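Below is one structure, written out as structure tokens; comments come after it.
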Amino acid sequence: MIVLGIETSCDETGIAIYDTDNGLIADQLYSQIELHAQYGGVFPEIASRDHIKKTVPLIKQACIDANISLNDLDGIAYTAGPGLIGALLVGSSVGCSLAWALDLPSIEVHHMEGHLLAPLLDEDKPEFPFVCLLVSGGHSLLVDVKGLGDYTILGDTLDDAAGEAFDKTAKLLGLGYPGGKILSDLATKGDKNRFKFPRPMMNRPGLDFSFSGLKTAVRVTYLKEIEKDNYDESRDKEKLINDIAASFQEAIVDTLVKKCQRAIKQTSYKTLVIAGGVSANTELRIQLKELETKLRIKSYFPALKYCTDNGAMIAFAGALRLLKEKSQSNKIKAYPRWSLEDLEETLV
Ligand code: KG4
Ligand code: ZN
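At position 32 of the sequence shown (counting the first as 1) the number is 40 in the working numbering, and the numbers step up by one without a gap.
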């Protein structure tokens, strides 16, 4: 089965083609980062307009890369949510229109299910059941994954998601957008022990997250430091930012790692999967790898290019669902809010 995947939920247009016999046969990605950088975050209307410009040309290019024509497709998968409504509507209307025109089934894909399944694109892939830490710009979730579509949320974000905390902290330090990568690069040059930022919700039982207080602690520390009598901007600023970045990252990573540990204990599962944009973070990868020996488990991350948004994960998730689901309505679907727990279970 050959499935076209369309991802337009936020600021990346991702188009890919997945062949269930031969794997990924095309993978196109266009990032809008430069368009949004001047606003310090995603400007929804600009995102939608740019998806309109890029989606069809990227589909044409993906077909050229895969050496197929549209008539060779067996199905079309598109991200139906969660995400920005205008951006989602571009992918869902293009996907459904193509499906009508070609008389193919279309399938709506949950963006976070795409992230969750991305590590299964690898040859060395996790098997169900597993605990998944899903950390992106909009979500921080711990999920009990029993099978395709069989998801129970164990822990959720009460305020800022992990990626959002990176982005907002980078912004308040004047570092630009998107902040996760910029801040984690600076952290490699900083002293993570200089500032002891709070580890939110660690002294309470449970698996929920809260990162907005951490961002406030960074703001207070930053302002206090630069107001010191002996603070010399040209001499001290670079070191201050690097040390704050490293200490902030350590607080987030430490919190995520401890919550993963708790989730593994709670479920008694032997497999931990980490996915979403923040799973690209090197320090998080290192510290979660260390859990393998400590807890005698195995951990899996997506390839770096499949941590952040991409079309491959949507084509793949769509193909798995199309193989199992009998009827598709070909109705245009777009849900800005959509819980993973509301997905249909599909046995694999
Ligand atoms: O999954 P994703 O591409 O989009 C959403 O679904 O939200 O995640 C984007 C998030 C952004 O907040 C970005 O700052 C963060 O992932 N991110 C990182 C890193 N690379 C991307 N956060 C920390 N370290 C990184 N290396
Ligand atoms: Zn995402």
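Virtual Cβ for every residue (Gly too), placed ideally from N, Cα, C.
Since we're looking at a predicted model, the values are computed, not measured.
ASN318 beta carbon near ligand 1 (any heavy atom closer than 6 Å): no
Within the stretch 236–315, ranges of the beta strand (DSSP E) (whole runs, at least 3 residues): 279–283, 306–308
Any non-hydrogen atom of ligand 1 within 6 Å of LYS189 CB: yes
Where THR87 falls: helix, strand or coil (DSSP): strand
Counterpart residues of LEU37 in DSSP-defined beta bridges: In the DSSP assignment, the residues bridged to LEU37 are GLY22.
Between the CA atoms of GLY83 and PHE136 - distance to the nearest angstrom: 25 Å
Proximity below 7 Å, CB of GLU353 to CB of GLY157: yes
LEU351 in three-state terms, based on DSSP: Look at LEU351 here: in three-state DSSP terms it is coil, with no helix or strand label.
Contacts around ILE272, its chain only, beta-carbon distance under 7 Å, and the 5 residues preceding and following it disregarded: VAL139, LEU280, LEU303, ILE305
Distance CB(ILE194)-CB(ASN250) smaller than 7 Å: Before going on, a small fix: residue 194 reads as Leu here, not Ile. Contact: yes.
Contact test: SER287 Cβ vs ligand 2 heavy atom, cutoff 6 Å: no
contact_flag[the stretch 117–124, the stretch 237–247] where n(CB pairs < 8 Å) is 3 or more: The stretch 117–124 vs the stretch 237–247: no contact.
Distance between ASP167 and SER218 (C-alpha atoms, nearest Å): 6 Å
Same chain, Cβ closer than 6 Å to ILE33, five either side skipped, listed in chain order: The beta carbon of ILE33 sits closer than 6 Å to those of ILE25, ASP27, ALA74, all from its chain and outside the five residues before and after it, given in chain order.
Test item: CB-CB of PHE205 and LEU222 under 7 Å: For PHE205 and LEU222, yes; Cβs fall inside 7 Å.
PRO213 Cβ short of 6 Å to ligand 1 heavy atom set: Not one heavy atom of ligand 1 falls within 6 Å of the beta-carbon of PRO213.
LEU331 versus ASN30: straight-line alpha-carbon distance, rounded: The straight-line gap from Cα to Cα measures roughly 15 Å.
Identity of the residue in GLN295, TYR230, TYR86 nearest LEU181 by Cα: TYR230
ASP58: CB within 6 Å of a non-hydrogen atom of ligand 1: no
Bridge-paired residues (DSSP) for LEU141: According to DSSP, which records beta bridges pairwise, LEU141 is partnered with LEU150, ILE282.
Proximity test, SER307 beta-carbon vs ligand 2 heavy atom, cut-off 6 Å: no
GLY91 and CYS18 closer than 7 Å at C-beta: If you check the CB distance, GLY91 and CYS18 come in under 7 Å.
ILE190: first and last residue of the uninterrupted alpha helix (DSSP H) it sits in: 187–195
Pairwise C-alpha distance: ASP240 and GLY155: 56 Å
As assigned by DSSP and simplified to three states, the class of TYR159: Three-state DSSP puts TYR159 in a strand.
Test item: CB-CB of LEU215 and ARG270 under 7 Å: Yes; because the gap between Cβ atoms is below 7 Å, this pair is in contact.
heavy atom of ligand 1 below 6 Å from GLY89 C-beta: GLY89: no, Cβ never under 6 Å from ligand 1.
Cβ neighbour criterion (16 or more within 10 Å) applied to THR301: exposed
Rounded separation between GLN40 and GLU20 - CA only: 6 Å
Closer than 6 Å: PHE205 CB and nearest ligand 1 heavy atom: PHE205 has its Cβ no nearer than 6 Å to any heavy atom of ligand 1.
Buried versus exposed, by CB contacts within 10 Å (16 or more), ASP132: exposed
Cβ-heavy atom distance, SER347 to ligand 2, below 6 Å: no
According to DSSP, residues forming a beta bridge with VAL117: According to DSSP, VAL117 bridges with THR87.
GLU172, buried or exposed, once every other Cβ within 10 Å from all chains shown has been counted against 16: Classification for GLU172: buried.
C-alpha distance - ALA85 paired with ARG243, whole-angstrom precision: 53 Å
Coil, strand or helix - PHE217 by DSSP: In the structure shown, PHE217 sits in a strand (DSSP, three-state: E or B).
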